[in-house]
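Asks: Pasting a structure below so you can have a look.
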Amino acid sequence: MEEALLQIHDLKKYFPVKGKWFQPTTHVKAVDGVSFSIQKGETVGLVGESGCGKSTTGRALLHLIPPTGGEVVYRGKNLSTLSNQERRLLRRELQIVFQDPYASLDPRMKIRDVLLEPLEIHGIGSRQEQLKKVEEILEIVGLGGHYANRYPHEFSGGQRQRIGIARSLILRPSLIVADEPVSALDVSIQSQILNLLQDLQEQFDLTYLFISHDLSVVKHISDRVGVMYLGRLVEFAPKEALYAAPAHPYTQALLSAAPVAKPDSKPQRIILKGDVPNPAHPPSGCAFHTRCPHVMDICKSQRPELTTIDGAGHLAACHLHHS
Amino acid sequence: MQPILQVEDLHISFRGEDGDLHPVSGIDFHVHAGETLGIVGESGCGKSVTSLSIMGLLPKGIGRVSGGSIRFQDKTITGMTQKEMQKIRGNEIAMIFQEPMTSLNPVYTIGEQLGEQIRLHLGLGKREALDKAVSMLQIVGIPRAEQIVKEYPHQLSGGMRQRVMIAMAMSCDPKLLIADEPTTALDVTIQAQILDLMRELKEEKGTSIIFITHDLGVVAEMCDRVVVMYAGQVIEEATVRELFENPKHPYTKGLIASIPSLEQQRRRLYSVRGTVPHPSAMPPGCRFAPRCDYVHEACHVNPPLLNATEGHKCRCWLVEEGGEDRGRSLAANS
């Protein structure tokens, strides 16, 4: 197989929780040993419920927050061992689009300045060239150059998300981490943005890590999909395999819980009991065993590793598949 | 059959800096006993404001019902005094909101909040109210209910808080429950639990529900009949099956076509171009015309809500009264 564009190996991000008097500091293991790779030109989707660590994974792998452990290798370069300066150079190629198009744009900056900033930071081109690039990129994301003079509040949510995409795209990156880019948008706008992301991928040969809680959106846009639960990947597979034959009981429950826009389809619903456990005190063994309908004795003591279940690209971390 | 709730030509105005805004301009719908009516639409279409007006909860001095009427059973709600409204609100019509954290008071325990409303509406004593609170929490599937009544909202998860809100709303056996995006803030597996609970309670008590949501998947699952709103008007109304199998309005068709499906795979999603008009700058004719693929001359005039077929209403010139859906033949030609 061709060398992956990005390889993530055993990525960890722990957040310290200060203990009370005389009690030691504990850690919330937001991301606890996540490994996968992304091939050039593909879209990898990451799904899971709130608090599963999918956004933290996205940020830690870009080193927007320093990871606690593990390796992220981009085109043969280990991001953790690079100097800050070298890493900053790589930022041109690794970009992020955020969820909330209202919070991610400075209300006091004109759109032109929002888009000029990355070019200035990276010292790309003369002023003339920079302004031309800004106009170009606004056309590309479907807004039109004449919007450059306006402020963020003059735009709707969908338009702001286009600006967020333009900002990450203006440096011509090769990989974009899209962190819930359509979750805050209405359905009719959501489909506009999804189509835009796909067009841009073709036009600029982009690679995406697409993070979302929405299973149908992830299915639509991804080639391969990882499912996370309490800081770990529980399943990782090509999209067709994952949606047609989910192997992990959590993935099965997640898929069956999603409402379908068809009044007559009444799928056999697996309703999980209880809530996601507190990530500061995850259950022993398999973290899902407290809610799993197929729980066995071994699940309570031994943590299952993410291993192949079909000898190919379908990976699952479940004792049901390791016999 | 007499509907339990009848909304006729409802207009709502909000005072704005540059003159009045009209987030709802002339909507009609009704809810039958034991029925779940879905109200769907995107942000700003007026669906939440409509529900607040039914509860008499429009922000004082800013928002008001400026025309039309709301009838609940045999009483006209619009024009009632606050005092009269208080007898209905909570007792006969209850509401649950999207964000359970902001609708619970953080400095009172669950038991105090649930108990207060039970004492107020059912006139029980403190002790009995607390017992009733515990039993309500058990009904909505909260484990350790005796302890939970002593806890504060921040100690509960989002799903549990929404269960508390449902317990609160159902504690007086309302005839009508208005649920405004009750599962939007929740994860899918928790959403499945809450939808299941609402279905159970409805079957048991025969409560009518107005289910307000932007999620067509939830509509398909929960509702009997659906009203689609766009820019402050009802643009389509039909039974849930009819709406999904045979949508008539170009906007409804666009909405349904733009959801990515778990079952089918399409390379590109359909998308409705443009954005929802701002209430201060409504298009003069059909409000959807600037975004519509089938726009033609007649659309300079706003079409009325026509009866397309029995029980299926649509606000579009392409759909003739009792007749053909010309949108389809147009689509076939293009």
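Chains C and Z supply the protein sequences, listed in that same order. Each residue of the first sequence is one higher than the one before, starting from 28 at the first, in the working numbering. Each residue of the second sequence is one higher than the one before, starting from 7 at the first, in the working numbering. Here a beta-carbon is modelled for each residue, glycine too, at the ideal position from N, C-alpha and C. Since this is a predicted model, take the numbers as computed values, not measurements.
#1: Against F250/Z, what residues of chain C qualify as contacts under a CB-to-CB distance less than 8 Å, listed in chain order?
#2: Answer yes or no: do P200/C and L224/C have a C-beta to C-beta separation smaller than 9 Å?
#3: Between the region 220-236 of chain Z and chain C, which residues of the former have a C-beta closer than 9 Å to a C-beta of the latter?
#4: Using Cβ-Cβ distances below 9 Å, what residues of the region 268-285 of chain C are close to chain Z?
#5: From which residue to which residue does the beta strand (DSSP E) around Y235/C run?
#6: Check whether the Cβ atoms of V30/Z and H17/Z lie closer than 9 Å to each other.
#7: Are P256/Z and D299/Z closer than 9 Å when you measure CB to CB?
#8: Considering just the uninterrupted stretch of the beta strand (DSSP E) at G212/Z, what are its terminal residues?
#9: Since L242/C meets chain Z, which of its residues come closer than 8 Å, beta carbon to beta carbon?
#10: Just to confirm the assignment: which complete beta strand (DSSP E) runs, minimum length 3, are found wholly within the region 81-144 of chain C?
#11: What are the residues that DSSP puts in a beta bridge with T245/Z?
#12: What is the DSSP secondary structure of R251/C, reduced to helix, strand or coil?
#13: Considering Cα atoms alone, identify which of D179/Z, K53/Z, Q12/Z is closest to Y236/Z.
#14: If you measure beta-carbon to beta-carbon, which residues of the region 47-60 of chain Z are closer than 8 Å to chain C?
#15: Give a yes or no on whether the C-beta atoms belonging to V204/C and I167/C are separated by under 9 Å.
#16: Could you compute how far the alpha carbon of W323/Z sits from the alpha carbon of V224/Z?
#17: Starting from the C-beta of K137/C, find all residues in its chain whose C-beta is less than 8 Å away, skip the five residues before and the five after it, and write them out in chain order.
#18: Going by C-alpha to C-alpha distance, which of H28/Z, R125/Z, C292/Z, P9/Z sits closest to P79/Z?
#19: For E267/C and H341/C, what's the separation of their Cα atoms in angstroms?
#20: Name the chain C residues that come within less than 8 Å of R274/Z, Cβ to Cβ?
#21: With a CB to CB cut of under 6 Å and the five nearest residues on each side skipped, what residues in its chain are close to K40/C?
#22: Secondary structure at S19/Z, three-state DSSP: helix, strand or coil?
#23: Within 9 Å (strictly less), CB to CB, does I218/Z reach chain C?
#24: CB-CB under 7 Å to N339/Z, same chain, minus the five flanking residues each way: which ones, in chain order?
#25: Figure out for me which residue from L120/Z, D15/Z, Q199/Z, Q153/Z has the closest Cα to the Cα of I76/Z.
#26: Short of 8 Å in beta carbon distance, which residues of its chain neighbour E130/Z, apart from the five on each side in sequence? Order them along the chain.
#27: My understanding is that M47/Z touches H220/Z, with C-beta atoms under 8 Å, so please give their C-beta distance in whole angstroms.
#28: Closest to L106/C by C-alpha separation, out of K159/C, S77/C, L32/C, F49/C, would be which residue?
#29: Given L347/C, which residues of its chain have a CB within under 7 Å of its CB, disregarding the five upstream and five downstream residues?
#30: First and last residue of the alpha helix (DSSP H) that includes Y277/C?
#31: What is the DSSP secondary structure of S340/Z, counted as helix, strand or coil?
#32: May I ask you to report which of helix, strand or coil DSSP gives S335/Z?
#33: Between which residues of its own chain and G212/Z is the CB-CB distance below 8 Å, once the five residues before and five after are set aside?
Replies: On the basis of the data shown:
#1: A288, K289, P290
#2: no
#3: H220, D221, L222, G223, V224, V225, A226, E227, M228, C229
#4: Y270, Y277, A280, L281, L282, S283, A284, A285
#5: 234-239
#6: yes
#7: yes
#8: Neither: G212/Z is in no beta strand (DSSP E) and is coded neither H nor E.
#9: V194, L268
#10: 96-101, 121-124
#11: R231/Z
#12: strand
#13: K53/Z
#14: E48, S49
#15: no
#16: 29 Å
#17: A175, N176, R177, Y178
#18: Pro is not the amino acid found at residue 79/Z; the sequence shown has Gln there. Comparing Cα-Cα distances from Q79/Z to each of H28/Z, R125/Z, C292/Z, P9/Z, the minimum goes to P9/Z.
#19: 10 Å
#20: N222, Q225
#21: A57, V58, T83, A87, P94, T95
#22: strand
#23: no
#24: Any reading at N339/Z needs caution, since the residue's pLDDT is 39, under 50, leaving its predicted position unreliable; the model's value is listed next. Closer than 7 Å at the Cβ level, and outside the excluded window around N339/Z, lies no residue.
#25: D15/Z
#26: Correcting the residue identity first, residue 130/Z is Leu in this sequence and not Glu. Answer for L130/Z: I124, K138, listed in chain order.
#27: Residue 47/Z is actually Gly in this sequence, not Met. Right, the Cβ-Cβ distance comes to about 7 Å (below 8 Å), so this counts as a contact.
#28: L32/C
#29: H321
#30: 276-284
#31: In this predicted model, S340/Z has a pLDDT of only 36, less than 50, meaning its place in the structure is not dependable; the value taken from the coordinates is given anyway. Residue state, collapsed to three classes: coil.
#32: Its pLDDT being 45, under 50, S335/Z is placed unreliably in this model, and the coordinates cannot settle the point.
#33: A39, G40
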